[in-house]
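Have a look at the structure below before the remarks.
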Amino acid sequence: MSSPRLRVQFETLFEHYQGQDCGVQLEEITEILFCTRRNARIVLNKMEEEGWIEWHPAPGRGKLSELIFKRSRSDVSETLARRYLEEGKLGQALKVLDKDTAKLAQVVESYLGVQHQEGLQVIRLPYYRPLSMLNPTKLVRRSEQHIIRQVFSGLTRLDENEKLQPDLAHSWDRLSATHWRFYLRPAVRFHNGDLLTPETVIASLSKLKQKPLFSHINDIQITGHNTIDIMLDRADYHLPLLLSESCAKVLLPENARGDDYDQFPIGTGPYRVTQNDDKRLILRAFDNYFGFRPLLDCVEVWVIDDVHSTMVFPSISNPIKPKTGTFSDDVELDPGCTYLLLNRKSGLAKSNDWASYFSQRLGALNLYQQLPQDKIVELGVLPAHGLKPGWYHHTRQGSYTSPPSYRKVTIAYHGQHPMFPTLVKCIETLLKQDNLEVELIKYDLEAPNIEDIDIWVKPMGIANNRDDALAGWLLNYSDISLLSKNEDFEFWTKVVEQWQSEENSNFPAKDLGKSLVEKMQIIPMFHCWLGVSKDQCGSLQNAKCNALGWFDFSQVWVKPNQNEG
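Heads up, the sequence shown is in the UniProt record's numbering, so the first residue is 1 and it goes up one at a time.
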C-alpha cells in the first residue's frame, strides 16, 4: 500500500498546480517537495504506479517534462481510505480523509452493507473483534454462538420465532420419559462433501454427557435405518428442546478435522466458512444444504480496529453511528444481563458478610452512577434489577455496610468486551473509596486461576428470549458451578431437573433468578440494547434481530431496486 507520506506529496503537487496538467522541470518538483532530484524521480514513479499521475520526463536539462494528473486529491484520499478499510484500519482511513466523518461514511457505505458482486448478493457487516473460536464444544462468546448456528446443524433447532423445529432429525418420538427416538434426514453432507452418518451423530452427542445439562444421557444406539435412540438415566420431557443448544451441534468426526478446525469449522449448516482471520470472516452459502439454500450468497464480517470500533454501528444501510444515543422502538433489550459472579466457594464472598457487602456496594444503580455518560450512550445500557428485563430481584440483606475487613479484592474480566474495561474501573473506584486494594485480571478467552477470583464480571449471552434458556445457561456455560457452594448449585440443578421430569411444565425462570440473587451468588448489572432495527436494514428483508444481537443470515434476502435497469 502507498504510504501516507506519498499521499501528502501528491496533494502538495496537486495544490501547487491546481490539478492542471502542465510542463515542468524536475528542479521545480524538487523545490516543491523539498527533496533531491533522485528522490523526486522515485516519488513521481511511485505516483505513476499508483495510477495518480502520468510522468513523461524530457531528455536533457532545461527541457520541460509532462505532468498529467489522472486523479483528484479527493480521489486519492478515498482510494487510500478504502484500502485502509479493507485492513480494518478505520482510524487510518479517517486520518487520510482529514478526519471528515461525512466522507468516511460515504467510503464505509461503499464497502459495508448490501453489495452486488458478479450477480451475487453479498452483505458486509462491521464488528469490533475477530470471531476466531467457532467450535461449539468449546467456550464461545455470544456472537460466536450466532455464527455457529449458521455453520452447524443439530438434531433440532429454534426458528426465528423461537419455536422448536426439526433440523438433522426430521421427526422424533418419545417412547417413554427416559427413551427418545430420532429419525435422521438421508443424504445430508458436510461442507467438505463427507456424508453425515448415524455413527457421526452418535459420536457428537456422546460427548454431551460431560456437560451437566446432558449428564443424564445413558446410551445412544442405532436402532434402524437413519434412526437413533437416546436412553436417559432420568425422565426428561424436554430433551428435543435441549438438543437445540449450540453445544449439541453435530461436528465432523475428529479424525477428519484439520488442526485449524476451531477457526475453520466444517458443519452441515446453511453457510460454510471460507475465510477467518484478524481482518474478516467470510461465510458463503452452502449449495448442498439439506434445507432451503440461503438467498444471501455471502456474508462478510469486517473487523474494525479497536480504537475506532465504537464509531461503527452494526447497521446495513447506515454504518456510521449517530452522534446522539437514540434507539428505535424496534430495537429490543438483551434478554439477559451482564452480572457480577461472586466466588462463594473459595473467595472473599465465601463469607456472608463479604457477599452482603459486595451485593450492596456494587449494586447496579451504584455502578450506573459511576459510568461516564458517553459510555452509557455509546453502549446503550440500563440498570438491571434482575436477570431478565422486567424482573425485580434483590438481596434481603438490608442497607450498605462497610467491608468486614481491609483485604485485596481480585476481579476478573474479559478484556475484549466493549463495556467491561470501563465497568471494572468503576468497581475499582467504589472499592477503593472503602480503602480496599483491588487487583484486576484481564483475560482473552478463559480466566486463569478461577479459585483465586473474588468477583468475575460476566455476560449471560443466552441465545433466545425463552425462559427455559436459563437451563442451558445455568448448567452449560454460566460457570456458576465453579464458584458456588455445592449445596446451592445442587439446589439450582434440582430446579432444572424437576422441570425436565414434568410434561408440559413451564420453566420456573423467575424462581431460579430470584434464588441466584437472594443467595448472593450473582449481582445483576446492566441490560443493553441489541442489534439492528428496521430503519437500519435498507433493502434487506426479514432481518429480524435475535437474542444474540444478530439476524439469521439464511432467512434474509435483498429486495431489488425497482429503478435499476
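Glycine is no exception: its CB is placed at the ideal position from the N, C-alpha and C atoms.
- Looking from the CA of R71, the closest CA among L64, S65, K63 and L80 belongs to L80.
- Where S176 is concerned, the enclosing beta strand (DSSP E) starts and stops at A169 to S176.
- Non-local beta-carbon contacts of I32 in its own chain, meaning distances under 7 Å to residues more than five positions away in sequence, involve T12, L13 and H16 in chain order.
- Between the region 491 to 502 and the region 347 to 364, the count of Cβ pairs shorter than 8 Å is below three; the stretches do not touch.
- The three-state secondary structure of N255, taken from DSSP, is helix.
- A Cβ-Cβ separation of about 16 Å leaves R142 out of contact with L423 under the 8 Å criterion.
- In the three-state DSSP reduction, F14 falls in the helix class (H, G or I).
- Taking all protein chains shown into account, K63 has fewer than 16 neighbouring C-beta atoms within 10 Å of its C-beta and is therefore exposed.
- A check of alpha carbon separations from V76 across Q121, N45 and F10 identifies F10 as the nearest.
- In this structure, the beta-carbon distance from Q150 to D159 does not fall below 8 Å.
- Here H116 is bridged, per DSSP, to Q121.
- Here T223 is not near R189, since their CB atoms are 8 Å or more apart.
- About 30 Å separates the beta carbons of V96 and L540, which is beyond the 8 Å limit, so they are not a contact pair.
- Less than 8 Å divides the Cβ of S244 from the Cβ of T156.
- Residue burial annotation: D236 is buried, with at least 16 other C-beta atoms found within 10 angstroms of its C-beta.
- Every alpha helix (DSSP H) of 4 residues or more that sits fully in the UniProt domain "Solute-binding protein family 5" (163 to 310) is shown, in chain order, as 198 to 206 and 239 to 242.
- Here T200 is buried. Its C-beta has 16 or more other C-beta atoms within 10 Å.
- Rounded to the nearest angstrom, the gap between the Cα atoms of K519 and G386 is 13 Å.
- DSSP places E503 outside both helix and strand once states are collapsed to three, so it counts as coil.
- Listed in chain order, the alpha helix (DSSP H) runs fully inside the region 323 to 375 are 352 to 361 and 364 to 370, counting runs of at least 4 residues.
- According to DSSP, residue pairing for S65 in a beta bridge involves V24.
- Annotated as proximal: P294 and P270, with beta-carbon spacing under 8 Å.
- Listed in chain order, the non-local C-beta contacts of D454 below 6 Å within the same chain comprise N343, G347, L348, V409 and T410, local neighbours out to five positions each way being set aside.
- Of the candidates G91, P130, V250 and C298, C298 places its Cα closest to the Cα of E118.
- In its chain, beyond the 5 residues on either side, M460 and I462 have a beta carbon closer than 6 Å to the beta carbon of G336.
- Nearest to M133 by C-alpha distance, out of L445, Y477 and I450, is L445.
- Among the bridge pairs identified by DSSP, H146 is matched with none.
- Boundaries of the alpha helix (DSSP H) around C426: F420 to Q433.
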